[in-house]
Structures are given as structure tokens and as C-alpha cells.
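J.: Just so it is clear: in the sequence shown, position 146 is 146 by the UniProt record's numbering, and no numbers are missing.
Here a beta-carbon is modelled for each residue, glycine too, at the ideal position from N, C-alpha and C.
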Amino acid sequence: MYTLVSSQTGNMAFRVSRFEEVASLQEQQGYNHYNILLVTKGSGRLFEYTFQENALLALGLYQPFQVKGELEGVLINFHPDFFCIYKHEEEVACNGVLFNNIYAPPLMQLAATEMAALLNIIRQIEEEMARPALAQYEVVMAFLKIFLINASRMKLERQEGLVPVGNEPFILQSLKDAIEQYYRKEHSPGYYAGLLNITPKALNKLSKTHFNRTLGGLIAERIMTEAKRELYMTAKPVKRIAFELGFNDEFYFSRFFKNNAEVSPVVYRETVGWGNNP
Numbered sequence: 001m002y003t004l005v006s007s008q009t010g011n012m013a014f015r016v017s018r019f020e021e022v023a024s025l026q027e028q029q030g031y032n033h034y035n036i037l038l039v040t041k042g043s044g045r046l047f048e049y050t051f052q053e054n055a056l057l058a059l060g061l062y063q064p065f066q067v068k069g070e071l072e073g074v075l076i077n078f079h080p081d082f083f084c085i086y087k088h089e090e091e092v093a094c095n096g097v098l099f100n101n102i103y104a105p106p107l108m109q110l111a112a113t114e115m116a117a118l119l120n121i122i123r124q125i126e127e128e129m130a131r132p133a134l135a136q137y138e139v140v141m142a143f144l145k146i147f148l149i150n151a152s153r154m155k156l157e158r159q160e161g162l163v164p165v166g167n168e169p170f171i172l173q174s175l176k177d178a179i180e181q182y183y184r185k186e187h188s189p190g191y192y193a194g195l196l197n198i199t200p201k202a203l204n205k206l207s208k209t210h211f212n213r214t215l216g217g218l219i220a221e222r223i224m225t226e227a228k229r230e231l232y233m234t235a236k237p238v239k240r241i242a243f244e245l246g247f248n249d250e251f252y253f254s255r256f257f258k259n260n261a262e263v264s265p266v267v268y269r270e271t272v273g274w275g276n277n278p
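#1: Considering just the uninterrupted stretch of the alpha helix (DSSP H) at ILE36, what are its terminal residues?
#2: Of all the options PHE19, LEU4, GLU21, which has the alpha carbon lying nearest to the alpha carbon of ALA13?
#3: How would you call LEU134, buried or exposed, if buried means at least 16 neighbouring beta carbons within 10 angstroms?
#4: Could you work out which residue in ILE219, THR209, LYS205 is closest to TYR191 when comparing CA atoms only?
#5: Measure from the alpha carbon of ARG153 to the alpha carbon of each residue in TYR86, THR40, LEU56, then state which is nearest.
#6: Quick one: what's ILE76 bridged to in DSSP?
#7: List the endpoints of the continuous beta strand (DSSP E) containing MET108.
#8: Which residue wins for smallest C-alpha separation from LEU175, given the options PRO200, ALA151, LEU156?
#9: Residues in its own chain within less than 7 Å of ASN100 by CB, not counting five upstream and five downstream?
#10: Do the CB positions of GLU250 and ALA261 come within less than 8 Å of each other?
#11: By alpha-carbon positions, which one of GLU72, ASN32, GLU89, GLU138 ends up nearest to PHE51?
#12: Tell me the rounded alpha-carbon separation between LEU148 and SER254.
#13: What do you reckon, is the C-beta of VAL39 under 7 Å from a heavy atom of the ligand ZN?
#14: Check ARG269 in the structure and name its three-state DSSP category.
#15: Taking DSSP's pairing of strands, which residues face ALA58 in a bridge?
#16: By the 10 Å Cβ neighbour count, where 16 or more other Cβ atoms means buried, how is SER188 classified, buried or exposed?
#17: Would you report the Cα separation of ILE85 and VAL92, rounded to the nearest angstrom?
#18: Nearest by alpha-carbon distance to PRO80: which of TYR62, ILE223, ALA178 is it?
#19: Closer than 8 Å by C-beta to ARG213: which residues in its own chain qualify, once you throw out the five before and the five after it? Chain order, please.
#20: Report buried or exposed for ASN259, applying the criterion of at least 16 other Cβ atoms within 10 angstroms of its Cβ.
#21: To the nearest whole angstrom, what separates the beta carbons of PHE83 and LEU144, a pair I think is in contact under 8 Å?
#22: According to the Cβ coordinates, are ILE122 and VAL74 closer than 8 Å?
#23: The alpha helix (DSSP H) that contains THR209, what's its start and end?
#24: Going by DSSP, what residue range makes up the beta strand (DSSP E) through residue 360?
#25: Could you check where the beta strand (DSSP E) with THR50 kicks off and where it finishes?
#26: Suppose contacts are defined by Cβ-Cβ distances below 8 Å. Is VAL39 in contact with GLU21 by that definition?
#27: In its own chain, which residues sit with a C-beta less than 7 Å from the C-beta of LYS236, not counting the 5 before and 5 after it?
#28: Check whether the Cβ atoms of residue 302 and ILE223 lie closer than 8 Å to each other.
Next up, the structure:
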């Protein structure tokens, strides 16, 4: 296990370890850092998704997860203070691809050559961390950036290769557009069903079939994605963020946030931080 500690906070900034070194891997988890799992051997389950060896799993900030299965592989953790996916959005397109894409699975199967390429970057990171030297923090960050760019390219290639006709009904693209347009004001599944002239039950069934989420879960996840971004990137009071996301009651918003992230908006902001990220 190799760990970099922030000189400012004294907390973990970046870590790479093997699965066997992480005793709690298969327990329900939610952390104030990003988690990337490279599964090199075994098969398992994450949420409603099954995966085989040569899989990459990407989990966001305070995203509770449980990995089931007898597995071998590598775990990467990094805090947003070490690398901010929002501020590096133009350089590294992992936001909305590896992380924060509510319509796509949080994992992908890799070809053996792709896994080998990513593991090679990990090997270089471990070699760098094994011998502390000048600007090690910056070098490891550069390697992480290369890793994220390569992984994002791999996932984008898979998404671009999908043919929606016959697989994903056209109405679901209309649903995506509607959620993007109205999620700040409309939180009810019934509203979107009425907008698309379909019954809530039928739309919910389509959502579960194609997105592995209920319609209500899909809407909640979109709200949470924006709430986390606002808490992380701005100094806005929680009350204002709640109002901008369609919540008239700050305390109801806090309960909603905690139900979905297992921490309150205040704790999230305190442990993730804002405005001081590289």
C-alpha cells in the first residue's frame, strides 16, 4: 500500500493498494474520496451489475457501495483536494464519463491489453511513491491524470459504439432531456410521466430495465450530482443550494442529501472542501 498525505490537512490525498490489503472492501462504503477498482481476477457484483475479471469500477464522493465476490485487483483512492475532476474537466473528461454519469453503469469490462496499459501506469505510480523525491506529489498527480484520461477514452469508445435503436427506446432520450431541463424544479416521477404521455408505472419499468434505477432514483441521483458539485465548488449557503434545487425546506433537503450520501451537506462540505483545490 502506497499513500500520499496532504501537508495541509494531514489526511489521505492519494493511495494505491491491493484488494487483500483492504479488509473492508466488501462492506457498504461511502468515503470523501474517489474510488477506482481494477479487478484482475475473479467475478463479482456491484449494485445491480455483474462483472468479470479485467473490469474497472469507478465510484464517486460519498457514493455508498458494496462489492461482492472473491476478487483480486488494485484499488485507487484520491481526495478531490489532490485532483479535482471539476476543475480539470476540459483536460480530463472523466466527469460525466467515469464519474457522475447517472445513465451509464459505474463499471466497464476491459480488454486484456487495456487492463495491461492501466496496470502499467499503476506500476509507474508505485515506483515513484517507493522512492520519495523532489516534486513527488506533482509527479503522482500527473500519472493519475494520464490514468484517468486513458480510462475515460476507453469508456467513451464504448459509449460511442452503442447503437440505441432497438436497445434503448426513444422515449428514454426524451426522459433524459426532460430531467436535465426540469430536475431543479420537478422532483416527482409523475411529472415526467405526464410530460412524456406515459403512465408512471410504464416509465418506471423502462428506467429500471435500461438504467438499472427506478425513475425516482434517477431523478434523485441527478439532484445529488448537482448538489455535490455546488457544495464542493461554491461557498453558497446550504439553504441557497437547497432553494436552487427546488427544496423550499433546508432541513428536508438535508435529510434528502443524507439519505443518499449517508452524510449531511455540512459534513460533506467540511470533508470534501471547496475553493482551495489544485
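T.: Looking at the atomic coordinates:
#1: In the sequence shown, counting from the first residue as 1, residue 36 sits at position 36. Run containing ILE36: none in the alpha helix (DSSP H); it sits in the beta strand (DSSP E), 34 to 41.
#2: In the sequence shown, residue 13 corresponds to position 13, counting from 1. Nearest Cα to ALA13 within the set PHE19, LEU4, GLU21: LEU4.
#3: Along the sequence shown, one-based indexing puts residue 134 at 134. Under a 10 Å Cβ-count criterion, LEU134 is classified as exposed, with fewer than 16 other Cβ atoms of the shown protein chains found around its own Cβ.
#4: Numbered from its first residue, the sequence shown carries residue 191 at position 191. Considering only alpha carbons, the answer is ILE219.
#5: Along the sequence shown, read from residue 1 onward, the residue named residue 153 stands at position 153. Comparing Cα-Cα distances from ARG153 to each of TYR86, THR40, LEU56, the minimum goes to LEU56.
#6: The residue you call residue 76 lines up with position 76 of the sequence shown. According to DSSP, which records beta bridges pairwise, ILE76 is partnered with VAL16, ILE36.
#7: Residue numbering aside, residue 108 sits at position 108 when the sequence shown is read from its first letter. Run containing MET108: 107 to 109, per the beta strand (DSSP E) assignment.
#8: Residue numbering aside, residue 175 sits at position 175 when the sequence shown is read from its first letter. Nearest of PRO200, ALA151, LEU156 to LEU175, Cα basis: PRO200.
#9: Translated into the one-based positions of the sequence shown, residue 100 becomes position 100. By the criterion of a C-beta distance shorter than 7 Å, ASN100 is surrounded in its chain by GLY60, THR225, once the five residues flanking it on both sides are discounted.
#10: Here the question's residue 250 lines up with position 250 in the sequence shown. Here the question's residue 261 lines up with position 261 in the sequence shown. Not in contact: GLU250 and ALA261 (Cβ atoms no closer than 8 Å).
#11: Here residue 51 corresponds to residue number 51 of the sequence shown, with the count starting at 1. Of GLU72, ASN32, GLU89, GLU138, the smallest CA-CA separation from PHE51 is found for GLU72.
#12: To locate residue 148, count along the sequence shown from 1; it is residue 148. To locate residue 254, count along the sequence shown from 1; it is residue 254. Going by C-alpha positions, LEU148 is about 32 Å away from SER254.
#13: In terms of ligand content, the structure shown is empty, and the ligand ZN therefore cannot be addressed.
#14: Here residue 269 refers to the residue found at position 269 of the sequence shown. Helix.
#15: Along the sequence shown, one-based indexing puts residue 58 at 58. In the DSSP output, where bridge partners are listed per residue, ALA58 has ILE36.
#16: As a first step, residue 188 must be located in the sequence shown, where it is residue number 188. Burial call: exposed.
#17: The residue labelled residue 85 in the question sits at position 85 within the sequence shown. The residue labelled residue 92 in the question sits at position 92 within the sequence shown. The straight-line gap separating the alpha-carbon atoms of ILE85 and VAL92 is approximately 7 Å.
#18: What you label residue 80 is simply residue 80 of the sequence shown in a count that begins at 1. For the residues TYR62, ILE223, ALA178, the minimum Cα distance to PRO80 belongs to TYR62.
#19: Taking the sequence shown and counting its residues from 1, the one referred to as residue 213 is at position 213. These residues qualify, in order along the chain: ILE102, SER207, GLU221.
#20: What you label residue 259 is simply residue 259 of the sequence shown in a count that begins at 1. Burial is judged here by how many other beta carbons sit within 10 angstroms of a residue's own beta carbon; ASN259 has fewer than 16 and is exposed.
#21: For the purposes of this step, residue 83 is identified with residue 83 of the sequence shown, where counting begins at 1. For the purposes of this step, residue 144 is identified with residue 144 of the sequence shown, where counting begins at 1. Taking the Cβ atoms as the reference, PHE83 lies roughly 6 Å from LEU144, within the contact range of under 8 Å.
#22: For the purposes of this step, residue 122 is taken as the residue at position 122 of the sequence shown. For the purposes of this step, residue 74 is taken as the residue at position 74 of the sequence shown. Yes. Within cutoff.
#23: The sequence position of residue 209 within the sequence shown is 209, counting from 1. Segment 200 to 211, the alpha helix (DSSP H) holding THR209.
#24: No answer is possible for residue 360: the residues shown for the chain start at 1 and end at 278.
#25: Residue 50 sits at position 50 when you count from the first residue of the sequence shown. 49 to 51 is the extent of the beta strand (DSSP E) around THR50.
#26: Against the sequence shown, residue 39 aligns to sequence position 39. Against the sequence shown, residue 21 aligns to sequence position 21. Result no, Cβ atoms of VAL39 and GLU21 do not sit closer than 8 Å.
#27: Taking the first residue of the sequence shown as position 1, residue 236 is located at position 236. The residues are GLU230.
#28: This structure gives no information on residue 302, because the portion of the chain shown stretches from 1 to 278.
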